[in-house]
Structures are given as C-alpha cells and as structure tokens.
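Quick note, our numbering runs 150 ahead of the 1-based positions in the sequence shown. Quick reminder that beta carbons are idealized off the backbone N, C-alpha and C, glycines included.
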Amino acid sequence: MVAEAAAEAAVAARQSRPCCRWALPSAFNLADTARLVARTPWMPTLAAITALCAVSKVLDQSVTQQFTFQTFGAMGDAHMIERMQITSTGAQMVSTAIFFSLAGFVISRVGLVPFARGIIPFVAATQLMPLLYLTNSSFATLACVSALTASTAIVDIPLSALISLVVPGKRMGEALSAMAAVKAAAAFFGNMCAKAIIHCIGVERLWMLYPIVAGVVLMAWPFALHLRPAMMDTE
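Right, here's the structure in full:
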C-alpha cells in the first residue's frame, strides 16, 4: 500500500509539472498572439498607429545623416562630421528629457486618448523640419531640428499605456511584445522601400523622402481620432 501511494504521488507530481515539450512550442505560438491582437477591442487600431508612426524611424536610420552631411557640405570632412554629430546628439538628449517630462504633464491634464490624438500631427510635422537645411545650413539650425525630431519617441508613451489597458492583465507583456514586433516590421519594410525610392530619385533629391514619410505618419491620425476615452474603462 505504501509503495502504491508513493507511485501515485510521483505520477501526480509529474502531471502537475509543465512539460518542456509542450511549454516551448506554446511560447512560440505566434498564431495565438496574432489572435490576441486581432480580436482584442482597440488593438488593431493601436497596431495600425504603431506601424505608421514607426515609419518615421526610417529617415533617422537610412536618410537623415547623408542628407544632413550633403546639405552642410561635410561629405569627406571628418572633423566637420564629428562636430555635427556632437551637436545633433547633444540636442536630442536634452530635448528627449524635456519632451518626456512635458508628455507626462500633458497626459496628467488631458488624458491618454486626447494626447495620442494630438501628438500624431505634431510628429508628422517634425518630419519636415530637416528641409530647413536647404535654406539655412548652420549649427543652430542643426541643433533646433535635432531637438524637434527627437520628439517622435514620445508617441510610444500613450500607445504603450493604452495597450496595457485594453488587453487582459496576464497577457500585457505578450501584447507589448507583439506591438514591438509590429514596430520593427514596419521600420524594416519602410527601410526597404526607402532603398528603392533612393535608387529611383537619386541621392541629389533625398529631400523628397521627408514629405512622403510625413504623409505616411499623418495617415495614423484617422486611427487616433477613432480612439475613445471609454477604452480606458477596464473590467
């Protein structure tokens, strides 16, 4: 009897432990994550906003440095490029801290949804700021433009907060990871498109990409206007 009881206890213990054979595949169940995004109210809208706003990173990753160096006549001048990068990076670091502080203050006053609606046109407008280099290629202009374009990062604040509110609490990390994947995929696709566009228009007309990207980011505005404060009412 004692041996039988011990055997039954061992079997119950094995059944209660998660099996690695099943736990590992379930961790990579992308279809289930896709259903979470597709079927959770408001998540498709937030995913569309995330993807369209992520296109703004295309300019930083593939266009802005070459466009800036060309307009400043710094191509091949290592000392000039070093000074420009220090100026741009310093302005971005300071402005990022300021913008994040302002974003927290504004959200506390107006709420997440109104902030998300208002920030997208602002982010779209900042995509046009580097065109100022065509008329005034000075270090002061470089610092101002770098400071303003750094504001694109604050669009992630309301989106991440809203995502955490609309999904079940136990799957919040999964939903945020899915949105990060959407953002990365949008940036990847945008960079591939930018490569093709640069090949077509030539490096002498890189400025044409800025209105295009501004228009793509602005396409997220109708989705943001569709958001409602009621989405923050969680069960």
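In chain order, which continuous runs of the alpha helix (DSSP H) of length 4 or greater are located wholly inside the segment 292-354? 306-316, 322-351
If you measure between the beta carbons of valine 213 and leucine 359, is that distance less than 8 Å? yes
Report the rounded CA-to-CA distance for valine 316 versus leucine 377, giving the unit in angstroms. 12 Å
Report all residues from its chain with a CB closer than 8 Å to the CB of valine 186; omit the five preceding and five following residues, and keep chain order. Looking at the sequence provided, one finds leucine at residue 186 rather than valine. Contacts found: Met193, Val317, Arg321, Glu324, Ala325, Ala328.
Indicate the three-state DSSP secondary structure (helix, strand or coil) for phenylalanine 222 in the structure shown. coil
Hey, quick one: how far does the alpha helix (DSSP H) through glycine 268 stretch, first residue to last? 262-276
Hey, would you say serine 238 sits closer than 8 Å to leucine 292, going by beta carbons? yes
Using the beta-carbon count (16 or more within 10 Å), is cysteine 350 buried or exposed? exposed
Could you round the C-beta distance between valine 260 and valine 363 to whole angstroms and report it? I think they count as a contact, below 8 Å. The pair is not a contact, with the Cβ atoms about 27 Å apart (cut-off 8 Å).
Is it buried or exposed, methionine 342, if we count other Cβ atoms within 10 angstroms and call 16 or more buried? exposed
Of the residues Gln215, Ala335, Ala247, Ile248, which one's Cα is nearest the Cα of glutamate 232? Gln215
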